[in-house]
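Here the working numbering runs 1 ahead of the position in the sequence shown, where the first position is 1. Think of the CB as a built atom: it goes at the ideal place given N, C-alpha and C, for glycine as much as any other residue.
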Amino acid sequence: MALSFMDRFSSDIHTLLDHSILNNVLITVGSKKNTKQFQAHSLILRARSLYFKAALSRKWIRSKNGIILLNESNVDPDVFEILLRYFYSGKIDITHIPPQTILSLLEAADTLRVDELIIPIQTFVLSTYSPWLKRHLALVHRIAFKHPPFKLLQDFFNEIIKSQPELVFESDDFDDVEEKLLETLLLQDELRMHECNVWSHTIRWGLANTKGIKRNADCWTQSDIDSLKSTLKDYLHLIRFFNISADNFKSLVEPYHYIVPSELYKQIMPPDEIVYSGIRPRRGPIESTLINTRHAAVIASWIDQGLTTPEAENNPYEFHLLLRGSRDGFTSKKFHDYCSKQGATVTVIKVRDTEEIIGGYTPNNWYAPKRALVRWKHATRSFIFSFGNSIEDKPVVSRVKHYGCAIANSSVRGPWFGEADLGLKGHFKEEKLCVCKRVSYDKDIRQSAENFSVEEYEVFKIVKKTYNEKWNEKIDRKPVDGCVEENVEQGMKEVNIVSDAVSVTSETVDYVDDNDGSGVGIKSEEVEKESERVVQEGNKSRCISIKRTVRK
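What follows is the structure, given as structure tokens:
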């Protein structure tokens with residue numbers, strides 16, 4: 002019979018520490034005024050810590066009256082006491098220890114090579130104190146990457162940088178961010194925060210890390226200015242000044258004009274165009290891997306058929322992500338699962354192998370007819386577009402000219418604009434069946450008319466904002482111009498198109514899907530001609546009802 006009395010054994014060994022029986026080691030722990038001495042047994046220390054095993058094996062150890070003298074200045078005395086009791090008892094309870102002390106304990110465990118504690122402590126602090134960690138990311142970064150074994154903390158921080166880098170700017174200890182980390186943050190294209198806030202946080206960091214500078218800028222001397230300029234000299238060129246509105250530039254940047262190199266002023270974004278420079282705009286506060294706030298502002302101007310582009314932070318529309326191919330799938334079924342009956346949408350596509358960013362907008366609902374038919378939808382406000390494949394390319398918008406063929410709905414197709422102007426079918430990523438051939442829209446958006454496959458695509462629901470972000474004022478909610486109200490009855494679709502100029506009611510035309518897009522050239526010309534005439538006349542009261550069904 003095997004008997005085990007580990008609890009009793011642990012308790013007995015622990016008494017050796019409490020009663021100072023046969024101690025032969027005196028350890029001075031801490032630095033400066035925060036020091037404390039601990040008595041221990043060399044045999045216990047060597048058995049329980051790889052660090053002490055090495056330290057106590059040296060022949061040059063200092064001793065006095067038979068007592069070995071050790072100094073450990075890199076560990077806090079309170080934390081060392083927790084570990085010392087663990088050495089003797091084999092037990093450690095961190096349930097009620099504050100998170101900052103737990104991180105110090107983790108560092109001490111690595112310093113003293115108590116390797117068995119590294120993973121359990123990381124696991125505990127991540128599962129229990131994740132919100133606290135996100136408020137102290139400068140501390141997390143410093144600790145995680147100072148100690149190579151802290152893989153879990155490193156992964157936690159890297160995921161923050163990858164998916165939510167703005168949290169570092171918003172953390173309570175941002176002023177303590179290390180210089181290399183600040184540079185990494187400013188290089189991020191994925192920051193979901195306005196550039197004026199990036200600028201403000203960078204200035205705050207500069208003030209906190211410039212010795213002796215006064216907080217009140219009105220009291221600065223030339224020496225203060227030179228010191229702050231020196232602190233920030235490696236980071237100012239990473240600010241995307243062209244993403245800061247003129248008003249915010251005047252109120253937030255101009256007061257510090259003496260520290261900003263004059264050439265950077267040329268990168269200020271005019272309100273009516275996109276300025277392309279050697280540094281990309283950030284993604285900004287829009288959930289997208291393909292476009293940023295400036296792209297969204299340009300799309301908004303196209304939706305409103307405006308002559309100028311709104312400032313990125315004053316976009317009148319919200320872009321709500323409905324689908325991302327890499328997350329949700331690249332098939333027509335997935336497209337309709339996530340995007341049918343959502344109202345006005347923008348589709349953004351990254352073409353495989355070319356890096357082109359193209360897409361389209363429709364004010365109409367997407368939907369999947371029950372049979373394998375193509376059902377055309379009439380719209381006057383639909384458009385397709387291209388942002389090219391480099392920051393030098395200028396945006397191109399192509400507006401629908403054959404209104405009766407603005408978009409096509411089919412259960413075997415994804416988003417489909419015009420007869421073949423831009424459409425996805427098959428497996429969008431694995432098969433080269435997607436098309437982009439100008440027929441129903443007024444401009445080419447690609448130089449090549451060959452079929453292509455998709456690297457990534459996203460679909461956004463477009464919602465008119467109810468308030469102005471800049472002033473936080475409430476504004477009236479209006480439907481997206483050209484929005485569609487639909488009623489389905491006996492397999493036919495009635496469409497009411499709402500616009501400023503005309504209300505047109507028409508039934509869509511049914512075509513049997515021919516699987517290659519080549520046989521969809523029959524247009525509802527009566528609808529197009531009549532609706533164009535009414536739009537030109539500006540007759541708001543006239544309604545046209547044209548019924549036509551063509552079967553191939």
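Selected residue, minimal CA-CA separation from residue i, among the options
{"i": "Ser21", "options": "Ile28, Asn35, His148, Ala41", "result": "Ala41"}
{"i": "Ser399", "options": "Val352, Arg439, Leu253, Val375", "result": "Arg439"}
{"i": "Pro256", "options": "Trp221, Thr232, Thr36, Lys65", "result": "Trp221"}
{"i": "Val1", "options": "Arg143, Ala297, Thr16, Tyr362", "result": "It is not possible to answer for residue 1, since the shown part of the chain is limited to 2 through 553."}
{"i": "Gly207", "options": "Asp219, Asp422, Lys234", "result": "Lys234"}
{"i": "Thr346", "options": "Leu253, Lys465, Phe242, Arg353", "result": "Lys465"}
{"i": "Phe88", "options": "Glu73, Ala407, Ile98, Thr16", "result": "Thr16"}
{"i": "Arg382", "options": "Tyr404, Asp394, Val397", "result": "Tyr404"}
{"i": "Thr294", "options": "Ile68, Trp303, Asn315, Asp305", "result": "Asn315"}
{"i": "Asn75", "options": "Leu44, Ile28, Glu451", "result": "Ile28"}
{"i": "Asp198", "options": "Ile98, Asn249, Ser43", "result": "Inspection of the sequence shows that residue 198 is occupied by Asn rather than by Asp. The shortest C-alpha separation from Asn198 is found at Asn249."}
{"i": "Gln343", "options": "Ile98, Glu171, Asn365", "result": "Asn365"}
{"i": "Asp79", "options": "Leu186, Ser131, Ser32", "result": "Ser32"}
{"i": "Ser333", "options": "Gln165, Leu434, Gln189", "result": "Leu434"}
{"i": "Ala421", "options": "Ala407, Glu431, Pro166, Ser412", "result": "Ala407"}
{"i": "Asp556", "options": "Thr102, Val126, Lys147, Leu85", "result": "No information on residue 556 is available, as it lies outside the stretch 2 to 553 that the chain covers here."}
{"i": "Asn72", "options": "Phe39, Asn66, Gly91", "result": "Phe39"}
{"i": "Tyr259", "options": "Phe242, His238, Lys230", "result": "Lys230"}
{"i": "Glu357", "options": "Gln306, Gln448, Glu167, Ser131", "result": "Gln448"}
Whole-Å CB distance - residue i paired with residue j, under 8 Å assumed
{"i": "Leu322", "j": "Cys340", "result": "So it is not a contact: roughly 11 Å between Cβ atoms."}
{"i": "Thr211", "j": "Tyr236", "result": "Rounded, the Cβ-Cβ distance is 13 Å, inconsistent with contact."}
{"i": "Phe320", "j": "Phe461", "result": "4 Å"}
{"i": "Val436", "j": "Ala409", "result": "Not a contact, Cβ separation roughly 11 Å."}
{"i": "Phe158", "j": "Ala145", "result": "5 Å"}
{"i": "Phe386", "j": "Ile292", "result": "Between Ile292 and Phe386 the Cβ distance is about 11 Å, and since that is not below 8 Å, they are no contact."}
{"i": "Arg414", "j": "Leu425", "result": "7 Å"}
{"i": "Gly353", "j": "Val261", "result": "It is Arg, not Gly, that sits at residue 353 in the sequence shown. Contact flag wrong, Cβ pair sits at about 41 Å."}
{"i": "Phe1", "j": "Val26", "result": "As shown, the chain starts at 2 and ends at 553. That puts residue 1 outside it, with no answer to give."}
{"i": "Phe429", "j": "Gly326", "result": "7 Å"}
{"i": "His137", "j": "Asp176", "result": "Actually they are not in contact, since the Cβ atoms of His137 and Asp176 sit about 12 Å apart, beyond 8 Å."}
{"i": "Ala297", "j": "Ile287", "result": "5 Å"}
{"i": "Asn142", "j": "Glu184", "result": "In the sequence as displayed, the identity of residue 142 is His instead of Asn. With a Cβ gap of about 13 Å, His142 and Glu184 do not count as contacting."}
{"i": "Thr290", "j": "Val299", "result": "With a Cβ gap of about 18 Å, Thr290 and Val299 do not count as contacting."}
{"i": "Leu51", "j": "Ile83", "result": "About 18 Å separates the two Cβ atoms, so there is no contact after all."}
{"i": "Leu57", "j": "Ile69", "result": "7 Å"}
{"i": "Lys215", "j": "Asp227", "result": "Their Cβ separation, rounded to whole angstroms, is 14 Å, which puts Lys215 and Asp227 out of contact at 8 Å."}
Burial state of residue i (16 or more Cβ within 10 Å)
{"i": "Lys152", "result": "exposed"}
{"i": "Arg205", "result": "exposed"}
{"i": "Gln123", "result": "buried"}
{"i": "Ser263", "result": "exposed"}
{"i": "Asn217", "result": "exposed"}
{"i": "Ser5", "result": "exposed"}
{"i": "Ala3", "result": "exposed"}
{"i": "Lys378", "result": "buried"}
{"i": "Thr96", "result": "exposed"}
{"i": "Arg49", "result": "buried"}
{"i": "Asp111", "result": "buried"}
{"i": "Ser11", "result": "exposed"}
{"i": "Tyr458", "result": "buried"}
{"i": "Ser246", "result": "buried"}
{"i": "Asp514", "result": "Bear in mind that a pLDDT of 39 at Asp514, under 50, signals an unreliable position, so the model cannot answer this."}
{"i": "Ile161", "result": "buried"}
{"i": "Lys395", "result": "exposed"}
{"i": "Asn244", "result": "buried"}
{"i": "Leu154", "result": "buried"}
Below-8 Å beta-carbon distance, residue i vs any chain D residue
{"i": "Lys152", "result": "Within the model displayed, chain D is absent; a lone protein chain is all it includes."}
Beta strand (DSSP E) segment containing residue i, residue limits
{"i": "His321", "result": "318–325"}
{"i": "Phe157", "result": "Here Phe157 belongs to no beta strand (DSSP E); instead the alpha helix (DSSP H) covers 152–164."}
{"i": "Lys465", "result": "455–465"}
{"i": "Thr232", "result": "It is not in any beta strand (DSSP E) - Thr232 instead sits in the alpha helix (DSSP H) that spans 223–233."}
{"i": "Ser441", "result": "It is not in any beta strand (DSSP E) - Ser441 carries neither H nor E in the DSSP assignment."}
{"i": "Lys37", "result": "35–41"}
{"i": "Ala409", "result": "408–410"}
{"i": "Ser32", "result": "26–32"}
Span of the alpha helix (DSSP H) around residue i
{"i": "Leu106", "result": "100–112"}
{"i": "Ile292", "result": "Segment: none, Ile292 is in no alpha helix (DSSP H) and carries neither H nor E."}
{"i": "Tyr339", "result": "333–340"}
{"i": "Ile122", "result": "119–129"}
{"i": "Phe418", "result": "Unbroken run through Phe418 is the beta strand (DSSP E), 414–418; no alpha helix (DSSP H)."}
{"i": "Lys426", "result": "No alpha helix (DSSP H) holds Lys426; the beta strand (DSSP E) holding it covers 423–426."}
{"i": "Ile144", "result": "138–147"}
>> Please give the ranges of any beta strand (DSSP E) in the segment 350–401, keeping only runs that are unbroken, at least 3 residues long and fully inside the region.
In response: 358–363, 374–378, 384–389, 397–400
> Which runs of the beta strand (DSSP E) spanning at least 3 residues fall entirely within the segment 168–216, listed in chain order?
Replying inline: none
> Hey, which unbroken runs of the alpha helix (DSSP H) at 4 residues or more fall wholly within the segment 54–96?
Replying inline: 78–90
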